Amino acid sequence: MSINLAIDGPAGAGKSTIAKKLAKELGFVYVDTGAMYRSMGLYFLRKGVDGKDEAAIKAGCPEIQVSIQYENNEQQVLLNGENVSGLIRTEEVGKMASTISAYGFVRDTLTELQRNLAKTQNVIMDGRDIGTCILPNADVKIYLTASVECRATRRYKELLGRGVEANYDEIAADIAKRDEQDMNREVAPLKQAEDAVLVDSSDMNIDEVVEAIRKIYQEKCQ
Ligand code: DC
744 MSINLAIDGP AGAGKSTIAK KLAKELGFVY VDTGAMYRSM GLYFLRKGVD
794 GKDEAAIKAG CPEIQVSIQY ENNEQQVLLN GENVSGLIRT EEVGKMASTI
844 SAYGFVRDTL TELQRNLAKT QNVIMDGRDI GTCILPNADV KIYLTASVEC
894 RATRRYKELL GRGVEANYDE IAADIAKRDE QDMNREVAPL KQAEDAVLVD
944 SSDMNIDEVV EAIRKIYQEK CQ
């Protein structure tokens, strides 16, 4: 039986950084489900479809094939066979992913892929509904969060560090809007699963969070 560790939480809480690091240490496969929604978002952005146009999004879903492969242990996401991993990290794609992920038919196109990845290998899977919907029997469930101010400050510093111009207030407003969208949709909203452990990383650095989650994993699984 494979071991499944689910990490859910809002945008900017550090899920992917933490999950990647811990997966490497434990020898697990890291599965980034946000990248799958982002690749679907990219598809519709390229087509010029409005994310709020439910009928157009529904009509486009059967045209989309999302798959995953690994290169040097790094997840690559393929959109109809094209590796789009380098194209999906923009704010525009993130917003589109958040908008279209509210539709049940969009989520249905990815559910099986996500569950299959967890069936046969030890995974750390991150997203919004992993502990609540995708892997309800996951061995360990973590709800990783941090205050809006803290997430916005981290993002602001990261952008400045890369020499990218940034506006703190705009970043904080975008994060709050994304929280609102992801937490209040009808289908598979972001929320803490009843049996998930809450980790608030507001006052913790990356290593401290990795250590805290590793401890929770060890207590439950070893
Ligand atoms: O984690 P991320 O920022 O890459 O995700 C982008 C969007 O995709 C997020 O705002 C909501 C959606 N998403 C989702 O609905 N369910 C998931 N399991 C992962 C992401």
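Residue numbers (the numbering used here): 744 to 965.
Beta carbons: idealized from backbone N, C-alpha and C, even for Gly.
Note that the coordinates shown come from a computational prediction; the quantities given were computed from them, not determined experimentally.
Output the distance between the C-alpha atoms of residue i and residue j, rounded to the nearest integer angstrom.
i, j, result
"residue 764", "residue 963", "19 Å"
"residue 776", "residue 793", "22 Å"
"residue 901", "residue 910", "12 Å"
"residue 786", "residue 961", "40 Å"
"residue 952", "residue 762", "10 Å"
"residue 917", "residue 887", "19 Å"
"residue 882", "residue 936", "13 Å"
"residue 840", "residue 965", "36 Å"
"residue 799", "residue 849", "12 Å"
"residue 889", "residue 754", "10 Å"
"residue 863", "residue 908", "43 Å"
"residue 823", "residue 789", "13 Å"
"residue 845", "residue 829", "24 Å"
"residue 836", "residue 781", "6 Å"
"residue 759", "residue 817", "12 Å"
"residue 912", "residue 903", "14 Å"
"residue 880", "residue 923", "27 Å"
"residue 811", "residue 860", "9 Å"
"residue 942", "residue 950", "13 Å"
"residue 756", "residue 899", "13 Å"
"residue 767", "residue 958", "15 Å"
"residue 831", "residue 853", "16 Å"
"residue 926", "residue 791", "26 Å"
"residue 956", "residue 940", "9 Å"
"residue 784", "residue 778", "10 Å"
"residue 827", "residue 833", "12 Å"
"residue 915", "residue 843", "21 Å"
"residue 885", "residue 874", "8 Å"
Check residue i in the structure and name its three-state DSSP category.
i, result
"residue 857", "helix"
"residue 846", "coil"
"residue 927", "helix"
"residue 952", "helix"
"residue 744", "coil"
"residue 917", "helix"
"residue 933", "coil"
"residue 792", "coil"
"residue 912", "helix"
"residue 972", "With the chain represented from 744 up to 965, any question about residue 972 goes unanswered, as that position is not in the structure."
"residue 907", "coil"
"residue 761", "helix"
"residue 833", "coil"
"residue 851", "helix"
"residue 863", "coil"
Starting from residue i, follow its DSSP beta bridges and name the residues at the other end.
i, result
"residue 888", "943"
"residue 811", "820"
"residue 825", "822"
"residue 756", "Bridge partners of residue 756: none, in fact."
"residue 868", "749 and 774"
"residue 883", "748"
Problem - Sufficient close CB pairs (3 or more, under 8 Å) joining the segment 944-960 to the segment 882-894 - result: yes
Problem - Segment contact flag, the segment 803-819 with the segment 744-754, C-beta cutoff 8 Å, min 3 pairs - result: no
Handout entry: the segment 853-871 in contact with the segment 767-783 per 3-pair CB rule at 8 Å
Key = yes
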